[in-house]
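Okay, so here's the structure we're looking at.
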Amino acid sequence: MKKSNRFLSKTLKRLNRTNFSLYKERYFKQIPLLKSIPYDIHDIEPSSNNYIYRAVMNQANEHFKTISRIAFNPSPSYISRANLVKQPIAYYACNYDVALLEACHDKLRQSHERSFLLTVSKWKIKKRIPILLICNCPKTQNVGTDLFYYYNKCRLKRKEISSAHSYRTWFLKTRFIAEQFAKEANTNMDYFITANFSKQLLDKTEIKGIIYPSVRYLYKGFNYAFAPSLFTEESFCLEEVSEYHVIFDEKDITKYPTITLKSSTNNFCDDNIIWD
1 MKKSNRFLSK TLKRLNRTNF SLYKERYFKQ IPLLKSIPYD IHDIEPSSNN YIYRAVMNQA
61 NEHFKTISRI AFNPSPSYIS RANLVKQPIA YYACNYDVAL LEACHDKLRQ SHERSFLLTV
121 SKWKIKKRIP ILLICNCPKT QNVGTDLFYY YNKCRLKRKE ISSAHSYRTW FLKTRFIAEQ
181 FAKEANTNMD YFITANFSKQ LLDKTEIKGI IYPSVRYLYK GFNYAFAPSL FTEESFCLEE
241 VSEYHVIFDE KDITKYPTIT LKSSTNNFCD DNIIWD
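Quick note, the sequence shown lines up with residues 1 to 276 if you use our numbering.
What follows is the structure, encoded as structure tokens:
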């Protein structure tokens, strides 16, 4: 039994050192341990101040005109942190600036652009949502959020119900997946393990959302990856749509950008956004 966890530990350490861009998806799909990563369920509860935010890069000189266009991505063309290609996904954040930073990431990485116009939608949570909180990573626990508190609750609960061997297995696997969610990605394939894990979780379990620390916000903010079915179930209510101009430092894109509110509306008619 001890040997199996030693083998697991060595395998996960090797994967953490692997350059994912050198491999195809089928390589990772053939690793048995990646098919059985444990999870713990928490709930997001509706409250008077429980909001989520989504940012979308604007097209040139145009307002977004429909709510459905900005609510979620129905068919992504590339792998990202919590989705595979063509897997519908709704990425949100705990605050508008976290959403803006995350939405700018790909353009910052792939081009020399440093000035962007984005649309942010603000949604109120109306129903209880079962979620997974990614929390077993020391790097993300040590930045001053309450992440360690939630990790400790999961840890103590697992210790109560598990044998020493099972607890160690839980610890190793959840530590691995948390480190994958927290790593800086150089290529889209660097996301494959978390993306595949997220798809299995959202498709095959009762979990409808995944919360994980924002790499772009230095782990001090949180991102959400929701199943789009939550929108047809009316789990959220749109309250406001705003446009922001975001300017990053030319030499250091890790610096907090200049964010300017350009326009805002809370006027909606069916699926239409009414701009003043």
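Backbone N, C-alpha and C define an ideal beta-carbon position, used for all residues, glycine too.
Contact check for S198 and A82: beta-carbon distance about 4 Å, within the 8 Å limit, so the pair qualifies.
Closest in C-alpha terms to Q141, from the list F268, G221, T258, comes G221. In this structure, F181 and I129 do not form a Cβ contact; the two beta carbons are roughly 19 Å apart against a cut-off of 8 Å. Secondary structure note for C154: its alpha helix (DSSP H) is the uninterrupted segment 147-161. Distance check between D249 and each of S115, R155, V143 places S115 closest, using alpha-carbon atoms only. Taking the Cβ atoms as the reference, T260 lies roughly 16 Å from V241, outside the contact range of under 8 Å. Two segments are said to touch when three or more pairs of C-beta atoms, one from each, lie closer than 8 Å; by this definition the region 190-206 does not touch the region 166-174. Secondary structure note for F176: its alpha helix (DSSP H) is the uninterrupted segment 164-182. A contact is defined here as three or more CB-CB pairs under 8 Å, and the region 29-38 fails this definition with respect to the region 87-101. In the three-state reduction of the DSSP assignment, A195 falls in the helix class.
For Y92, the enclosing beta strand (DSSP E) covers residues 90-93. DSSP lists P130 as the beta-bridge partner residues of D43. The beta carbons of Y191 and S80 sit about 6 Å from each other, so the pair counts as a contact at 8 Å.
Within the same chain, N5, L8, S9, L12 come within 8 Å of L172 by CB-CB distance, once the 5 residues on both sides are set aside. In the DSSP secondary-structure assignment, K124 is bridged to Y51, C237. Here I67 is not near I131, since their CB atoms are 8 Å or more apart.
The shortest C-alpha to C-alpha distance from N16 to any of P213, I177, N58 is the one to I177. For P138, the enclosing alpha helix (DSSP H) covers residues 138-141. Residue burial annotation: D40 is buried, with at least 16 other C-beta atoms found within 10 angstroms of its C-beta. Excluding its 5 nearest sequence neighbours in each direction, E179 has C-beta neighbours in its own chain below 8 Å: N16, C137, K139, listed in chain order. At least 8 Å separates the beta-carbon of Y224 from that of I37.
Residue state for T11 is assigned as helix, using DSSP reduced to three classes. Of the candidates Y212, Y149, S163, the residue whose Cα lies closest to the Cα of A93 is Y212.
DSSP, read as helix, strand or coil, puts I79 in coil. Nearest in C-alpha terms to Y150, of all of A164, V246, H42, is H42. Under the three-state reduction of DSSP output, A71 falls in the helix class. P32 carries a helical assignment under DSSP once its states are collapsed to helix, strand and coil. With respect to V98, Y217 sits close: the two C-beta atoms are nearer than 8 Å. The beta carbon of W123 sits closer than 8 Å to the beta carbons of Y51, I52, Y53, R54, Y92, F236, C237, L238, E239 from its chain, once the five residues preceding and following it are set aside; these are given in chain order.
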